[in-house]
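Student: Reminder that position 116 of the sequence shown reads as 116 in my numbering, one-by-one numbering, no gaps. Yeah, the Cβ is synthetic: ideal placement off N, Cα and C, and Gly gets one too. If you're wondering where the values come from, they're calculated on a predicted model, not measured in any experiment. Got a structure for you, questions after.
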Amino acid sequence: MILMSFLSVVLSVSLIVNTSFEYIVEAQKTTGISVMTLVSFNDGNLSSSSISADQPIENKTISYYANSTGYLVYPLLNQTNLEGKLPAIVLIHENKGLNDYIKESANLLASNGYVVLAADLFNGEVTTDQNRSRELTAAIRENRDIAIDNLRSAVTYLQSLDNVNPTKIASLGWCFGGQQSLQLALDSKDNPLAATVIYYGRLTNDTQSLSAITWPILGIFGEKDQSISVDSVNQFEKALNETGITNEIYIYPNVGHAFANPSNENYAPSETADAWKKH
Numbered sequence: 001m002i003l004m005s006f007l008s009v010v011l012s013v014s015l016i017v018n019t020s021f022e023y024i025v026e027a028q029k030t031t032g033i034s035v036m037t038l039v040s041f042n043d044g045n046l047s048s049s050s051i052s053a054d055q056p057i058e059n060k061t062i063s064y065y066a067n068s069t070g071y072l073v074y075p076l077l078n079q080t081n082l083e084g085k086l087p088a089i090v091l092i093h094e095n096k097g098l099n100d101y102i103k104e105s106a107n108l109l110a111s112n113g114y115v116v117l118a119a120d121l122f123n124g125e126v127t128t129d130q131n132r133s134r135e136l137t138a139a140i141r142e143n144r145d146i147a148i149d150n151l152r153s154a155v156t157y158l159q160s161l162d163n164v165n166p167t168k169i170a171s172l173g174w175c176f177g178g179q180q181s182l183q184l185a186l187d188s189k190d191n192p193l194a195a196t197v198i199y200y201g202r203l204t205n206d207t208q209s210l211s212a213i214t215w216p217i218l219g220i221f222g223e224k225d226q227s228i229s230v231d232s233v234n235q236f237e238k239a240l241n242e243t244g245i246t247n248e249i250y251i252y253p254n255v256g257h258a259f260a261n262p263s264n265e266n267y268a269p270s271e272t273a274d275a276w277k278k279h
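What follows is the structure in structure tokens.
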């Protein structure tokens, strides 16, 4: 099953449009992402010219939690010709912060019919220094409640928007963000999500904790990942099954950690394209 299809199926909404907006409905049925779109990265940033823009998008910087600002992007639709609301995604960055790569990933999702809020857990700081990355992520893990409050606020912000279906909000994160995507799920029992997507983030096999999740989970991992072992992924999948949580877990052979990030030495273009397009 393809990633966009996973989200489209789980977050599907009814769009009623006139003839001039028929392409909007079609964009909900397909990924709109070609292999070339995903393998044409250069320096770790998606090129805006490489994005297959099925729908025109609009973006803005918004305040959604304390002093944190996020990147909000959404399809630019003629609301007079549209009834119904769109599904939404809380996008969670890696250990480098809310950089251009994350923003362009948000653009890509928005061009396929989603309202996307890329959250910021680093208070505006972006870094490529590994030592600083470790400091920033350690601070988050030591202040778990602040991070969860931040992401919950992102969900609440999306729920408040006129163009969002408040019952169709998912989370998606890579690496550090993948762990936070799962953590948000574990702490959202009182305000359920519609889906959780995890790219090679730290996991848990605690069935009691996982029992708080009542929605589908999609997990993307690499066989050669030395940070997130295959054994831990298998235990996670087993725990999900034991808890009765609908899930799709994929382990790509012969690729390492962060294989979907073009700036990473483990970058695997074909597997990245497949993870976004189909499996």
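Would you kindly work out how many angstroms separate the C-alpha atoms of S209 and D149, rounded to a whole number?
Tutor: Each residue's alpha carbon lies about 18 angstroms from the other.
Student: Using DSSP bridges, identify the partner residues of E248.
Tutor: E248 pairs with L218.
Student: Name, in chain order, the residues that DSSP records as bridge partners for S63.
Tutor: Its beta-bridge partners are T69.
Student: Looking at the secondary structure, which residues open and close the alpha helix (DSSP H) in which K85 lies?
Tutor: Unbroken run through K85: none, as it is neither H nor E.
Student: Rounded to the nearest angstrom, what separates W276 and L86 at their Cα positions?
Tutor: About 20 angstroms.
Student: Taking the CB atoms as reference points, tell me whether A194 and V10 lie closer together than 8 angstroms.
Tutor: Their beta carbons are under 8 angstroms apart, which means A194 touches V10 by this criterion.
Student: Out of curiosity, what's the CA-to-CA distance linking D225 and L151?
Tutor: If I take the Cα positions, the gap works out to 26 angstroms.
Student: By how many angstroms is the C-alpha of A118 removed from the C-alpha of L108?
Tutor: Near 12 angstroms, if we compare the C-alpha coordinates of A118 and L108.
Student: Hey, is the stretch 214-228 in contact with the stretch 139-147, meaning 3+ C-beta pairs nearer than 8 angstroms?
Tutor: Short answer: they don't touch.
Student: I want to know whether the stretch 181-188 touches the stretch 156-167 - three or more CB-CB distances under 8 angstroms.
Tutor: Output reads no: the stretch 156-167 does not touch the stretch 181-188.
Student: Counting C-beta neighbours from all protein chains within 10 Å, is the total for I24 16 or more, i.e. buried, or is it exposed?
Tutor: The predicted model places I24 with a pLDDT of 26, which falls under 50 and marks its position as unreliable; any figure quoted below should be read in that light. Label assigned to I24: buried.
Student: To the nearest angstrom, report how far apart L203 and P56 are at their CA atoms.
Tutor: Roughly 36 angstroms between the two C-alpha positions.
Student: Can you tell me whether N111 is helix, strand or coil according to DSSP?
Tutor: It should be noted that the sequence gives Ser, not Asn, for residue 111. Of the three classes helix, strand and coil, the one that applies to S111 here is coil, per DSSP.
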